[in-house]
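Residue numbers (the UniProt record's numbering), protein chains in the order written: chain X, 1 to 196; chain W, 1 to 196; chain Y, 1 to 196; chain V, 1 to 196. The structure under discussion appears below in the form of structure tokens.
There are 4 protein chains.
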Amino acid sequence: MVESLAINGIDDSPRGRLLSAAAHLFRDKGFDRTTVRDIAAAVGIQSGSIFHHFKSKEDILYAVMEEVIHFNTERLRQAIASQDSARDKLRALLRAELQSIVGDTAEAMAVLVTEWRCLSDDKQRKALALRGIYEQLWLQVLESLHREGAFRADPFIIRRLLTGMTGWVPNWFDRDGSLSLDDLADIMVERVVGES
Amino acid sequence: MVESLAINGIDDSPRGRLLSAAAHLFRDKGFDRTTVRDIAAAVGIQSGSIFHHFKSKEDILYAVMEEVIHFNTERLRQAIASQDSARDKLRALLRAELQSIVGDTAEAMAVLVTEWRCLSDDKQRKALALRGIYEQLWLQVLESLHREGAFRADPFIIRRLLTGMTGWVPNWFDRDGSLSLDDLADIMVERVVGES
Amino acid sequence: MVESLAINGIDDSPRGRLLSAAAHLFRDKGFDRTTVRDIAAAVGIQSGSIFHHFKSKEDILYAVMEEVIHFNTERLRQAIASQDSARDKLRALLRAELQSIVGDTAEAMAVLVTEWRCLSDDKQRKALALRGIYEQLWLQVLESLHREGAFRADPFIIRRLLTGMTGWVPNWFDRDGSLSLDDLADIMVERVVGES
Amino acid sequence: MVESLAINGIDDSPRGRLLSAAAHLFRDKGFDRTTVRDIAAAVGIQSGSIFHHFKSKEDILYAVMEEVIHFNTERLRQAIASQDSARDKLRALLRAELQSIVGDTAEAMAVLVTEWRCLSDDKQRKALALRGIYEQLWLQVLESLHREGAFRADPFIIRRLLTGMTGWVPNWFDRDGSLSLDDLADIMVERVVGES
DNA sequence: AATGAATGAGGTTTCATTCAT
DNA sequence: CATGAATGAAACCTCATTCAT
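Next comes the structure, spelled out in structure tokens:
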């Protein structure tokens, strides 16, 4: 089982508290509109002190992204390992990704998507490499489903469509509504392999 | 047929040129990282002169969004009117939305999604009202398909999933690749009504 | 009799209307905070058109001041001419100056005092010369009263004290209150020659 | 005795130095024509550094005014306490106010009068409340003189006339001339209680 | 005379980052 | 490690003035 930490994937060290606060603020106001003072105030230190933990504001952003990719890649791995059939693996992947996106790591995931551009080219490349591992896990499952004839379309494209579907969920999903994440995962599975 | 103008939906007046340049820059670097000087330089005027056309930088953003919503709402209307069956209407809607998103209004559409937060609450409300009309057109078609039994899931949710799918397309679609927008629209239709 | 014109001392030509509007705005918001656009809007023209009437914004300020000094110098002259005794002349001067300051030329007079610093050195000198004539009229009367033994203090100082007294009146005087300008002039006379 | 500090009422902290420089510049060029860069240059820091001490340029203006009102209210209190008869108290008040206006706090006092309008409504109200205390001290003395029959006119009006007289003094008084502030105070007392 | 778009200098303020304490 | 004053670059916006029409 993945250890469940403070904000998840982020521990309770000064560094961890900084990252949690930053993720929250970046998600709320965007990276550019969050000041280093905002972050410092959120954890109760002075703005200058932040630079003992991170070399720059952008480094904080990168750290948030790196942590959340690592944490959710591990979650994906465990989701796959927990199932036998390709179809069950797909549902598990979707369920895990939805959990990432609207559940415990929602803020950091939102930041990952919306503040991507704020990363320097250099760091974008590094984060992209990590993201590649995550995507590999997805493609393996989709390709095996495709080989089984579960759907006709290109697995690569299907993954892109699923990425869009799950990525948009935080913009409309109501955690207190009648639709559960399990239901939603099922509906999404049906978009891949057909209804029933 | 919708008239095809300069950047589309935006004419060749000074104001129109400003809007095109702004959309391009906002898409490229983000609203916050685009300076008023950048925009002015892109159209060959001085930064101060911008404020004869728009009251503030944010007003430019809003104008870009308003224009693109209007233009694409009209495109949706014509897409629906051009088809008879509900299924064909769905394909036409998807085709039209893809055209908006990766075709002639790609930049402004990207801005609409990614820079939404940069709008003041007040302007968000105004833009949301316009966006509501656009969504209504979608829901009518999906609901009639649903009544016909073309799919079981909630039409409202299906629309949300489609929004995610199309919205993510610019992040991976290659206009020069072998997959055409028509092909892609077909693949998406299948996600709703099943693979034939 | 002094001709009574539009705002007083200012006629109904385009130039006159500009000066009235400017005096009003300068008094209300100060010279620096009044924009050339404010003035233009107040008379219903475009900002660029102002420069057909005045070379610069500062020229408008100077014109307001020049007009009001001329107008009120003439009023002083007539006040003196209308009385025989030095004491009656003093009361008439005070009454006239109060009229300038809280009556028909109140706005321009306030501008004369409060926006003096906004004039270039050059124009300050020119305005000072005009103001000198005005002050001469005062000193003549005060000196004759002094020679008559009506008061002991230096007439020059007395004039300074009176200038302060009258100049401050707009900050507290209530035109609709029970104290009339005539009453006030009497009280001021008593400050010079004693209470009865 | 009131302690005599740097510019008076303003100490030698960074904030105090900023305030002194600002008072000097505001008096010299007016609030609107003094730039934040001017103030910074006058104390030898960068313009951005000012905002560690004051939230806005207007805040500096308010601080200057607040300090000078407090300082001079205390001076007034001590002036009254130092005398026994109402007539002597009046002279002491005048002497103290003249000291404020042409002496140690001359610059800040000038700013208080001439830049009043540059304060936001909100801050005007706050400053007015402070000023009210100062004026109360004056009225108490004038009312007791009035009860003693030292003059007939309304004490409230007399205070207004004195305010005008003293307020105008910086515009003509020559500190190196033969007229001392004590002499001037005496002349002003005579304007209230008669020459005798 | 009038217009109104354009200029361009300059204003206040923000903010990531540094560094002496 | 923490502080907080200072930096200095750069951002948005204002505005008197010009000028082609």
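Virtual Cβ for every residue (Gly too), placed ideally from N, Cα, C.
- A contact is defined here as three or more CB-CB pairs under 8 Å, and the region 95 to 115 of chain W meets this definition with respect to the region 54 to 68 of chain W.
- Here DSSP, grouped into helix, strand and coil, assigns F173 of chain V to coil.
- Proximity of chain Y to M165 of chain V at the Cβ level (cut-off 7 Å) is accounted for by L161, G164, M165, in chain order.
- For I157 of chain Y, a Cβ of chain V is located within less than 8 Å of the residue's own Cβ.
- If you draw a straight line from the Cα of F31 of chain W to the Cα of D88 of chain X, it is about 42 Å long.
- Uninterrupted beta strand (DSSP E) stretches at least 3 residues long and entirely within the region 112 to 173 of chain Y do not occur.
- Counting the other Cβ atoms within 10 Å of the Cβ of P14 of chain X gives fewer than 16, which makes it exposed.
- In summary, E148 of chain X is exposed, with fewer than 16 beta-carbon neighbours lying within 10 Å of its beta-carbon over all protein chains present.
- By the criterion of a C-beta distance shorter than 6 Å, R91 of chain W is surrounded in its chain by A185, V189, once the five residues flanking it on both sides are discounted.
- Against chain W, a Cβ distance below 9 Å from T114 of chain X picks out T114, R117.
- The beta carbons of I69 of chain W and A127 of chain W sit about 7 Å from each other, so the pair counts as a contact at 8 Å.
- DSSP places Q46 of chain X in the coil class of the three-state scheme, outside both helix and strand.
- A residue is called buried once 16 or more other Cβ atoms fall within 10 Å of its Cβ, and R152 of chain W, having fewer, is exposed.
- Residue range 57 to 81 is occupied by the alpha helix (DSSP H) that includes K57 of chain W.
- Counting only Cβ-Cβ distances below 7 Å, W138 of chain W has no contacts in chain X at all, with the closest Cβ about 13 Å away.
- If you check the CB distance, I101 of chain V and G167 of chain V come in under 8 Å.
- Here G164 of chain X really is in contact with G164 of chain W; their C-beta atoms are around 4 Å apart, less than 8 Å.
- Taking 8 Å as the CB threshold, F151 of chain V lines the interface with chain Y.
- Residues are counted here when their Cβ sits less than 8 Å from a Cβ of chain X; for the UniProt domain "HTH tetR-type" (12 to 72) of chain W these are K29, G30, D32, R33, given in chain order.
- Within the same chain, and ignoring the five residues on either side of R17 of chain V in sequence, the residues whose Cβ sits closer than 7 Å to its Cβ are V43.
- Within chain X, the residues whose beta carbon sits less than 8 Å from that of G194 of chain W are G194, E195, listed in sequence order.
- In this chain, the alpha helix (DSSP H) harbouring S100 of chain V covers 86 to 102.
- At a cut-off of 8 Å between C-beta atoms, I101 of chain Y does not count as an interface residue with respect to chain V.
- Taking C-alpha positions only, S178 of chain Y is separated from L139 of chain V by approximately 20 Å.
- At a cut-off of 8 Å between C-beta atoms, I80 of chain W does not count as an interface residue with respect to chain X.
- Proximity of chain Y to R125 of chain V at the Cβ level (cut-off 9 Å) is not reached, the minimal Cβ distance being about 16 Å.
- Take R159 of chain W, set aside five residues on each side of it, and the residues of its chain with a beta-carbon closer than 8 Å to its own are E135, W138, L139, L142, in chain order.
- Rounded to the nearest whole angstrom, the C-alpha separation of F71 of chain X and R77 of chain X is 10 Å.
- For I187 of chain Y, the C-beta contacts it makes with chain V under 7 Å involve A153, I157, in order along the chain.
- DSSP places E195 of chain V in the coil class of the three-state scheme, outside both helix and strand.
- One finds nothing in chain Y with a Cβ atom closer than 9 Å to the Cβ of R75 of chain V; even the nearest lies about 21 Å away.
- By the Cβ neighbour-count rule, T34 of chain X is buried, with 16 or more other Cβ atoms within 10 Å of its own.
- Within the same chain, A150, F151 come within 6 Å of V193 of chain V by CB-CB distance, once the 5 residues on both sides are set aside.
- One Cα belongs to Q124 of chain Y, the other to K57 of chain Y, and the distance between them is close to 15 Å.
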